[in-house]
Structure formats: structure tokens, C-alpha cells
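Positions 48 to 234 (the working numbering) are the ones given, in order, by the sequence shown.
Below is one structure, written out as C-alpha cells; comments come after it.
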Amino acid sequence: MTGQAPFERILLVGFMGSGKTRVGQLLAKGLGWSFRDFDQEIRARVGLPIPEIFLQHGESFFRGMEERIGAELLLDREVVLASGGGWPTALGRMEDLGPSTFSAWLTVTAEEAVRRVREEGPTRPLLAVADPVSRAQALLKEREPFYGKALVAIDSMQGEPEELARRIQHLMNEKGREVTPPLPPYK
48 MTGQAPFERI
58 LLVGFMGSGK
68 TRVGQLLAKG
78 LGWSFRDFDQ
88 EIRARVGLPI
98 PEIFLQHGES
108 FFRGMEERIG
118 AELLLDREVV
128 LASGGGWPTA
138 LGRMEDLGPS
148 TFSAWLTVTA
158 EEAVRRVREE
168 GPTRPLLAVA
178 DPVSRAQALL
188 KEREPFYGKA
198 LVAIDSMQGE
208 PEELARRIQH
218 LMNEKGREVT
228 PPLPPYK
């Protein structure tokens, strides 16, 4: 282990449907840390589902809530955070994370993202269009430069969520800043 302080939090970024919530929950459970999802926090505080927030208050209101909640949660320790898909796109957000935050980008194709979010139920507001795959492709193209500022990138289509959680912890250890305890083997 190097002389660097251990990571205090893990931030998962990526497009909708990339698996941030499920992988984050498993990673947090294995580490004995808490898990917080930006979108879940917004829903709880506003008291409405995300599509209804967009409908009643608009996207700018949602993004403002996302910014405030993100700033608050990034002060927590021993926490795994799942950002909203658009959160990393504000200038400086990814650069300002600091050395105690391990950031991981869960990559996904536009087609797979659309397939996954359709399985979840009601369409996400940004994909409620005639051609959701084209819209997802356009959003991904805009967002990938921001996601790419994460310390590591992991293909979310290459393994089950448990494997991805273990891979994240392994990559943290490779950076020389171990997080203990190690996750149990996937069974």
C-alpha cells in the first residue's frame, strides 16, 4: 500500500441503464458501506417520481436538485454513490472530486441502455421520444467525454453486477489504495 490515504467514497457514473444502482448496492453491501443514489434522493425529497418531476417542474429544476444533492452526498464517507446519468456533464464536477473519491464509469451501448430501461418500467423522461435509441446515442455522444474523466471505465455488459462490483474493488486496490474488507467471492 502506498502512502496515500484510503478512498472515502466510491462514485459510479454512466448512462441510464448502465447498472450504477445495482452494482453500487452490491459494492456497498460487500464493503459494509452505505449506498446512496442521486435519483432516489431526488424522488424522496420532492415526493414525486422522476418523470413527474420533469413534467411538473421541468428538467432545469431536476438538474438543480441533482447538483445540490450531489454536492451534499459527496461529503459523506464510507459510501457508494450512484450519480444520475446527466450529473457528470456540468463543467468541473468530475475534475473536482478530489483524491478521496474513487470514480468508476460503467459503460453501456445506447441499444443496451434502452433495452434495460424498458425492462424497468415507465420510460425515462429523456427517452420518451419516437426513436429512443437515436436519442440515447446522441446523449451518450454528448456525455461520454465527461464520463471518461472517471478514474476507471468498466464495460457493464461484460459480467453480472456481482462481478462488476468485485472488479471495481480490484481496480481500487490496483491504484494502491485498498478498501477493506474484500468482497466475498461471487457464488
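Note that the Cβ used here is the ideal one computed from N, Cα and C, for glycine as well.
Backbone secondary structure at residue i - three-state DSSP
{"i": "phenylalanine 149", "result": "strand"}
{"i": "threonine 154", "result": "strand"}
{"i": "methionine 141", "result": "coil"}
{"i": "valine 176", "result": "coil"}
{"i": "arginine 162", "result": "helix"}
{"i": "proline 228", "result": "The predicted position of proline 228 is uncertain, since its pLDDT is 49 and thus under 50; a value taken from the coordinates is nonetheless stated next. Proline 228 falls in the coil class under three-state DSSP."}
{"i": "phenylalanine 54", "result": "coil"}
For residue i, the residue or residues it bridges with in DSSP
{"i": "alanine 129", "result": "Leu59 and Asp84"}
{"i": "valine 199", "result": "Ala151"}
Alpha-carbon spacing of residue i relative to residue j, whole angstroms
{"i": "isoleucine 215", "j": "threonine 68", "result": "14 Å"}
{"i": "glutamate 114", "j": "leucine 198", "result": "21 Å"}
{"i": "serine 130", "j": "leucine 153", "result": "11 Å"}
{"i": "leucine 187", "j": "leucine 174", "result": "12 Å"}
{"i": "histidine 104", "j": "glutamate 207", "result": "36 Å"}
{"i": "proline 53", "j": "valine 176", "result": "44 Å"}
{"i": "glutamate 167", "j": "aspartate 143", "result": "32 Å"}
{"i": "proline 98", "j": "glutamate 106", "result": "10 Å"}
{"i": "glycine 79", "j": "glycine 145", "result": "22 Å"}
{"i": "leucine 74", "j": "arginine 90", "result": "22 Å"}
Spatial neighbours of residue i in its chain, beta-carbon cut-off 7 Å, leaving aside the 5 residues before and after
{"i": "methionine 63", "result": "Gly132, Ala160, Val164 and Arg171"}
{"i": "valine 155", "result": "Gly61, Phe62, Gly64, Ser65, Ser203 and Met204"}
{"i": "threonine 227", "result": "Confidence at threonine 227 is low in this model, with a pLDDT of 49, below 50, so the placement of that residue should be treated as unreliable; the coordinate-derived value is given next. Closer than 7 Å at the Cβ level, and outside the excluded window around threonine 227, lies no residue."}
{"i": "serine 181", "result": "none"}
{"i": "aspartate 86", "result": "Ile97 and Gly131"}
Nonlocal neighbours in the same chain, by C-beta distance under 8 Å from residue i, ignoring five residues either side
{"i": "glutamate 88", "result": "Ile116 and Leu120"}
{"i": "glutamate 221", "result": "none"}
{"i": "arginine 140", "result": "Gly117, Trp134 and Phe193"}
{"i": "alanine 151", "result": "Ile57, Leu58, Leu59, Val60, Ala197, Leu198, Val199, Ala200, Ile201, Ile215 and Leu218"}
{"i": "aspartate 84", "result": "Lys67, Thr68, Gly71, Leu128 and Ala129"}
Among the options, the one whose alpha carbon lies nearest that of residue i
{"i": "threonine 136", "options": "Tyr194, Glu125 and Gly77", "result": "Tyr194"}
{"i": "valine 93", "options": "Leu78, Gly111 and Ser81", "result": "Gly111"}
{"i": "leucine 122", "options": "Leu74, Gln103, Leu58 and Pro208", "result": "Leu58"}
{"i": "lysine 196", "options": "Phe149, Pro98, Ser107 and Gly71", "result": "Phe149"}
{"i": "leucine 138", "options": "Glu99, Glu166, Ser81 and Arg190", "result": "Arg190"}
Cutoff 6 Å; reference residue i; Cβ partners in own chain excluding five residues on either side
{"i": "glutamine 184", "result": "Ala157"}
{"i": "proline 231", "result": "Reliability of the predicted coordinates at proline 231 is poor, the pLDDT of 49 falling under 50, and the value obtained from them is presented with this limitation in mind. Nothing listed; no residue qualifies."}
{"i": "proline 179", "result": "Val161"}
{"i": "histidine 217", "result": "none"}
{"i": "glutamate 55", "result": "Arg124 and Ser147"}
{"i": "leucine 95", "result": "none"}
{"i": "glycine 71", "result": "Leu59, Phe82, Val127 and Ala129"}
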